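Residue numbers (full-length UniProt numbering): 1 to 345.
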């Protein structure tokens with residue numbers, strides 16, 4: 001299979017699937033050829049909107065489509081496991097929205113299935129595929145910040161309570177920790193890996209403390225915070241929310257200076273689509289670090305998948321299986337400390 005023609009099927013048609021479809025439209029390495037929904041009318045409307053050739057009225061028929069090489073799983077969180085396992089058995093390569101599993105145990109099952117059936121699998125942390133993230137690691141490794149001591153990272157939005165929304169539904173894996181708290185945890189582990197200086201992409205925390213406020217009706221977390229301590233001595237302060245708008249930035253503090261990442265999760269949102277960071281040092285003017293224009297993060301992650309599949313790789317260096325397992329374990333602990341319980345194994 002040529003990298004020019006990784007043929008994608010989109011499994012689900014929600015808002016995140018629309019973002020991925022828009023990104024995929026700019027890809028030089030792949031294209032959407034099919035979409036599946038539990039509603040034929042919804043699938044057809046999505047296909048017409050994004051110029052996709054085939055619309056399937058079930059996820060099963062999408063996976064049976066012989067012209068589909070890879071699937072993007074964009075269902076609510078609790079459905080990821082079922083459809084990732086079925087996709088692996090169907091021989092489809094998989095890009096699964098974060099969090100890949102509802103917990104570490106589910107993530108392990110998905111990885112085992114990908115390994116058994118010889119398919120590619122990646123958790124869709126799109127920011128990990130953007131050059132800005134690699135540049136952060138470079139600045140840490142080249143000593144620009146000195147010894148990294150602290151990280152502060154947040155991802156939160158304000159969504160009115162709606163018991164029908166997946167954001168507020170316990171049965172659909174709602175709450176901020178799984179929806180967006182996974183990002184600052186992931187970035188903190190990434191920064192810790194770079195700061196360790198041993199060539200690691202990530203480092204798992206040795207201690208996690210956290211808390212949160214849960215909704216009285218559904219029990220999902222509305223806002224939450226945690227601290228992660230690493231073996232290097234680095235401490236990360238992370239927060240997330242679904243009913244509080246946060247600044248949604250990241251700051252990395254070292255002994256020689258600190259880095260302000262303006263848009264850590266979606267760098268293309270910056271003016272002109274150019275990732276922008278500011279390096280602050282004592283007694284010196286802040287230095288702007290800007291990267292060239294990039295297409296959307298969703299296009300970049302689609303191209304990472306295409307490149308890996310073409311090279312015969314089953315996982316990506318940007319977001320490896322071990323990385324996903326470590327992030328899931330950290331989220332498990334934070335959810336426990338925040339008092340969030342889901343009815344899943």
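Yeah, the Cβ is synthetic: ideal placement off N, Cα and C, and Gly gets one too.
The structure presented is a predicted model; accordingly, all values stated were derived computationally and were not measured.
- Membership of residue 190 in any beta strand (DSSP E) is not indicated; the residue belongs instead to the alpha helix (DSSP H) covering 182–196.
- Here residue 157 carries a coil assignment [DSSP, helix/strand/coil].
- In its chain, beyond the 5 residues on either side, 125 and 327 have a beta carbon closer than 7 Å to the beta carbon of residue 186.
- Residue environment for residue 189: buried (at least 16 other C-beta atoms within 10 angstroms of its C-beta).
- With contacts defined as CB atoms closer than 7 Å, residue 81 and residue 106 qualify as a contacting pair.
- Residue 8 is bridged by DSSP to 32 and 70.
- With a 10 Å radius around the Cβ and a threshold of 16 neighbouring Cβ atoms, residue 28 comes out exposed.
- In the three-state reduction of the DSSP assignment, residue 172 falls in the coil class.
- Boundaries for residue 265: no alpha helix (DSSP H) harbours it, and the DSSP string shows neither H nor E there.
- In its chain, beyond the 5 residues on either side, 326 have a beta carbon closer than 6 Å to the beta carbon of residue 204.
- For residue 215, DSSP assigns no beta-bridge partner whatsoever.
- With a 10 Å radius around the Cβ and a threshold of 16 neighbouring Cβ atoms, residue 36 comes out buried.
- In this structure, residue 75 lies away from residue 167, with their beta-carbon atoms at least 7 Å apart.
- Apart from sequence neighbours up to five positions away, the residues of its chain that approach residue 43 with a beta-carbon distance below 8 Å are 13, 35, 36, 37, 55, 56 and 57, ordered along the chain.
- As computed with DSSP, residue 229 is found in a beta bridge with 207 and 235.
- Each of 337, 184, 131 and 138 was checked against the Cα of residue 300, and the nearest Cα belongs to 131.
- Distances from the CA of residue 93 to each of 198, 296, 170 and 308 were compared; the closest alpha carbon is that of 308.
- When only Cα atoms are considered, residue 140 and residue 245 end up about 29 Å apart.
- Comparing alpha carbon positions, the residue from 164, 273 and 137 closest to residue 199 is 137.
- Ranked by how close their Cα comes to the Cα of residue 178, the residues 296, 24, 10 and 329 have 329 in first place.
- Only exposed fits residue 283, as fewer than 16 other CB atoms lie within 10 angstroms of its CB.
- Check the Cα spacing between residue 142 and each of 254, 275, 9 and 7: the tightest is with 254.
- Distance from the CA of residue 277 to the CA of residue 154, rounded to the nearest whole angstrom, comes to 16 Å.
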